[in-house]
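Asks: Pasting in a structure now, in structure tokens, and then I'll have a few things to ask.
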Amino acid sequence: MIALMISSLGDLLAGATLGFMTNTLTLLPGLMVLIPPAIGMRGNIFGALGSRLGTAMHIGTFEFSFRRGSILRQNMETSLLLTLIVSFLMGVLAKIMAEAFGISSISVQEFVFISVLGGVLAGLVLIFINVIVAWAGFKRNWDLDNISAPIITAAGDIVTLPMLFLAAIIVLRLEEGFLYVIDLVSLFFVILTIVLTIQAMRKGQQEVQRIVRHSLPVLTLCILLDIIAGLTIEHQLESLVAFPALLVLIPPFLEDANALGGILTSRFSTLLHMGILEPKRTPDHVAIENFAIIYIFAIWVFSLVGVSSYIVAWLMGLSSPPLMDMLALSLLAGLVTITFLNIIAYYVSVVTYRLNLDPDDHSIPLTSSAIDSIGALALMGVVVALGL
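In structure tokens form, the structure reads like this:
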């Protein structure tokens with residue numbers, strides 16, 4: 000619960016950043032489409048990293064070592080490579096989806112520049128945080144399933160949005176007569192991504208190759224799901240700009256849902272590995288007990304999100320709906336989202352386990368991205384229902 004409160008408070012910093020980005024979102028049309036997948040991918044990649052390390056600790060294969068071939072070293076290398084690949088794909092797919100849905104947007108080069116630069120900078124910071132969490136968990140015998148997902152999720156939010164904001168500001172500056180720099184840097188990112196991917200798949204460690212092969216198709220699907228969340232929010236951007244407090248609410252709402260999903264899927268992954276949870280067609284008593292725990296957490300977490308978002312917006316001087324409306328919005332949309340989360344987390348974990356795939360590589364990314372889309376739809380739906 001403490002980790003979830005840390006996650007909620009940390010995500011508010013991301014919300015405050017988004018509240019400050021209203022002018023940038025207006026000057027760079029379509030940028031909102033990129034924000035949910037950018038945030039989501041940090042959680043998907045580094046949340047899965049934390050889950051894999053937690054599983055390794057439970058089954059006794061983890062050692063805190065940076066030597067070549069160690070579990071920690073291979074997972075770090077893989078996460079950075081996936082960050083580069085996925086950031087490039089996000090930029091391209093965000094442009095394609097924006098065009099497909101008739102949304103006016105910046106060029107594909109600008110999308111790639113912002114996505115890759117912001118993503119890699121955030122990824123480097125998150126690698127460091129993941130190592131610190133793994134070290135603390137290893138030394139203190141903590142259960143990483145319960146602490147890594149909320150902490151990494153919050154850190155991903157706090158780090159990703161400022162890095163995207165920085166990359167977006169650079170684009171705005173370069174648009175004033177230096178567009179060719181964006182084109183050249185974007186081309187460099189493309190070449191670097193291709194070269195490092197080929198090198199890793201030909202000469203990389205076996206564990207690195209396995210994680211990339213298993214994760215990349217899933218992460219690509221996750222990008223599309225997160226872009227749908229971005230499109231949903233982009234369509235309501237005019238209303239959100241009128242009440243910037245709603246922009247403050249979006250990151251903590253979506254990422255606390257992801258934190259709860261990360262806890263649940265990490266627990267299911269570990270329980271499946273240890274044989275405590277049976278991969279049945281219908282959830283057994285072990286799964287139902289975990290569902291109930293997540294609902295209890297959700298009531299506290301989403302109440303905190305609604306109230307704290309209102310307070311942060313008030314402190315920043317941003318327009319906001321009344322406090323009770325913010326509380327109702329967060330709590331109602333949150334409970335709807337968690338209901339879907341419980342179902343999705345269970346069946347994704349069971350199906351990946353039955354197909355002999357590693358739930359650590361698939362459960363968190365798929366659940367997280369599905370929840371981003373469902374959470375965005377639920378949030379915007381309740382906004383409309385409450386007449387905000």
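Residue numbers (numbering that gives the first Met the number 0): 0 to 387. Virtual Cβ for every residue (Gly too), placed ideally from N, Cα, C.
Can you tell me the Cα-Cα spacing of M315 and F252, whole angstroms?
Replies: Translated into positions along the sequence shown, residue 315 becomes position 316. Translated into positions along the sequence shown, residue 252 becomes position 253. Near 19 Å, if we compare the C-alpha coordinates of F252 and M315.
Asks: DSSP three-state call for M162: helix, strand or coil?
Replies: Here residue 162 is taken as the residue at index 163 of the sequence shown, counted from 1. Helix.
Asks: Given a threshold of 16 other Cβ atoms within 10 Å of its Cβ, counted over all protein chains shown, does S329 qualify as buried or as exposed?
Replies: Stepping through the sequence shown from its first residue, residue 329 is reached at position 330. That one is buried.
Asks: Would G260 pass as a contact of S104 if the rule is Cβ separation under 8 Å?
Replies: Position 261 of the sequence shown, counted from the first residue, corresponds to residue 260. Position 105 of the sequence shown, counted from the first residue, corresponds to residue 104. For G260 and S104, no; Cβs fall outside 8 Å.
Asks: At the level of alpha carbons, what is the spacing between F112 and A291?
Replies: On the sequence shown, position 113 is the one that residue 112 refers to. On the sequence shown, position 292 is the one that residue 291 refers to. Distance between the alpha carbons of F112 and A291 is about 43 Å.
Asks: Are the region 231-244 and the region 264-276 touching by the rule of at least three beta carbon pairs closer than 8 Å?
Replies: In short, these stretches do not touch, since the Cβ pair count stays below three.
Asks: Quick one: is K94 buried, meaning 16 or more other Cβ sit within 10 Å of its Cβ, or exposed?
Replies: One-based indexing of the sequence shown puts residue 94 at position 95. Buried.
Asks: Among the residues of its own chain, which have a CB less than 7 Å from the CB of G39, if the five just before and after it don't count?
Replies: For the purposes of this step, residue 39 is taken as residue 40 along the sequence shown, with counting starting at 1. Same-chain partners within the cutoff: C221, D225, S367, S368, D371.
Asks: Exposed or buried, V207, counting other C-beta atoms within 10 Å across all chains shown (16 or more means buried)?
Replies: As a position in the sequence shown, residue 207 is number 208, starting the count at 1. Buried is the call here.
Asks: Could you tell me the alpha carbon to alpha carbon distance between F19 and L317, rounded to whole angstroms?
Replies: The residue given as residue 19 occupies position 20 in the sequence shown. The residue given as residue 317 occupies position 318 in the sequence shown. If you take the alpha carbons of F19 and L317, they lie about 9 Å apart.
Asks: With respect to the alpha helix (DSSP H) encompassing D283, which residues constitute its N-terminal and C-terminal limits?
Replies: Indexing the sequence shown from 1 puts residue 283 at position 284. Looking at the DSSP string, D283 is not in any alpha helix (DSSP H), and its letter there is neither H nor E.
Asks: Of all the options L33, T336, M96, which has the alpha carbon lying nearest to the alpha carbon of L160?
Replies: Residue mapping note: residue 160 aligns to position 161 of the sequence shown, counting from 1. Among L33, T336, M96, the Cα nearest to that of L160 is on L33.
Asks: Is G316 helix, strand or coil by DSSP?
Replies: The count along the sequence shown starts at 1 and reaches residue 316 at position 317. Coil, per DSSP.
Asks: Where are the alpha helix (DSSP H) runs, 4 residues long or more, that stay fully inside the region 190-239, in chain order?
Replies: You should have 205-234.
Asks: I need the straight-line Cα distance from I193 to P282, nearest angstrom please.
Replies: What you label residue 193 is simply residue 194 of the sequence shown in a count that begins at 1. What you label residue 282 is simply residue 283 of the sequence shown in a count that begins at 1. Rounded to whole angstroms, I193 to P282 spans 42 Å at the Cα level.
Asks: Can you round the beta-carbon distance between A166 and L116 to whole angstroms, since I take them to be within the 8 Å contact cut?
Replies: Position 167 of the sequence shown, counted from the start, is the residue given in the question as residue 166. Position 117 of the sequence shown, counted from the start, is the residue given in the question as residue 116. Sure, about 4 Å apart at Cβ, within 8 Å.
Asks: Does DSSP classify E174 as helix, strand or coil?
Replies: Indexing the sequence shown from 1 puts residue 174 at position 175. Residue state, collapsed to three classes: coil.
Asks: Counting C-beta neighbours from all protein chains within 10 Å, is the total for L183 16 or more, i.e. buried, or is it exposed?
Replies: Reading the sequence shown from its first residue, position 184 is the one you call residue 183. Classification for L183: exposed.
Asks: Should L11 and S307 be called a contact, given that it needs their Cβ atoms to be closer than 8 Å?
Replies: Translated into the one-based positions of the sequence shown, residue 11 becomes position 12. Translated into the one-based positions of the sequence shown, residue 307 becomes position 308. Closer than 8 Å, so yes.
Asks: Considering only C-alpha positions, which residue in the set A199, V180, L303 is nearest to S78?
Replies: Walking along the sequence shown from the start, residue 78 turns up at place 79. Nearest option by C-alpha distance: A199.
Asks: Taking all protein chains shown into account, do 16 or more other C-beta atoms lie within 10 angstroms of the C-beta of A288, making it buried, or fewer, making it exposed?
Replies: On the sequence shown, position 289 is the one that residue 288 refers to. The amino acid at residue 288 is misidentified as Ala; the sequence shows Glu. Exposed.
Asks: Less than 8 Å separating the beta-carbons of P243 and A312?
Replies: Here residue 243 refers to the residue found at position 244 of the sequence shown. Here residue 312 refers to the residue found at position 313 of the sequence shown. Cβ distance < 8 Å, so P243 and A312 count as in contact.
Asks: Assign N289 to one of three DSSP states: helix, strand, or coil.
Replies: Position 290 of the sequence shown, counted from the first residue, corresponds to residue 289. It is helical.
Asks: Cα-Cα, which of V132, F100, V158, R139 is closest to V119?
Replies: Taking the first residue of the sequence shown as 1, we reach residue 119 at position 120. V119 has its Cα closest to that of V158, out of V132, F100, V158, R139.
Asks: By the three-class DSSP mapping on this structure, what secondary structure does E277 have?
Replies: Sequence index remark: in the sequence shown, residue 277 carries index 278 (1-based). E277 falls in the coil class under three-state DSSP.
Asks: Let's see if you can read the secondary structure: which residues bound the alpha helix (DSSP H) around R353?
Replies: The residue you call residue 353 lines up with position 354 of the sequence shown. From DSSP, the alpha helix (DSSP H) with R353 extends over 322-353.
Asks: How long is the line joining the alpha carbons of A121 and Y346, rounded to whole angstroms?
Replies: Taking the sequence shown and counting its residues from 1, the one referred to as residue 121 is at position 122. Taking the sequence shown and counting its residues from 1, the one referred to as residue 346 is at position 347. Whole-angstrom Cα-Cα distance: 31 Å.
Asks: Under a three-way DSSP split, which group does R67 fall into?
Replies: Residue numbering aside, residue 67 sits at position 68 when the sequence shown is read from its first letter. R67 falls in the coil class under three-state DSSP.
Asks: Cβ atoms of S86 and S114: under 8 Å apart, would you say?
Replies: For this step, residue 114 is matched to residue 115 along the sequence shown. For this step, residue 86 is matched to residue 87 along the sequence shown. In contact: S114 and S86 (Cβ atoms closer than 8 Å).
Asks: For a quick check, are the C-beta atoms of D255 and V300 less than 8 Å apart?
Replies: Locating residue 255 in the sequence shown gives position 256, counting from the first residue. Locating residue 300 in the sequence shown gives position 301, counting from the first residue. Yes; because the gap between Cβ atoms is below 8 Å, this pair is in contact.
Asks: Just to confirm the assignment: which complete alpha helix (DSSP H) runs, minimum length 4, are found wholly within the region 69-137?
Replies: Runs found: 70-99.
Asks: Pull up the CB-CB distance for L334 and V381, whole angstroms please, since I reckon it's below 8 Å.
Replies: Start at 1 with the first residue of the sequence shown, and residue 334 comes out as number 335. Start at 1 with the first residue of the sequence shown, and residue 381 comes out as number 382. Not a contact, Cβ separation roughly 10 Å.
Asks: Any idea if F127 is buried or exposed, counting beta-carbon neighbours within 10 angstroms, 16 or more meaning buried?
Replies: Stepping through the sequence shown from its first residue, residue 127 is reached at position 128. Under this definition F127 is an exposed residue.
Asks: Out of L276, M379, S302, Y294, state which residue places its alpha-carbon closest to the alpha-carbon of V349.
Replies: As a first step, residue 349 must be located in the sequence shown, where it is residue number 350. With distances taken between Cα atoms, V349 lies closest to L276.
Asks: Give a yes or no on whether the C-beta atoms belonging to A375 and A228 are separated by under 8 Å.
Replies: What you label residue 375 is simply residue 376 of the sequence shown in a count that begins at 1. What you label residue 228 is simply residue 229 of the sequence shown in a count that begins at 1. Result yes, Cβ atoms of A375 and A228 sit closer than 8 Å.
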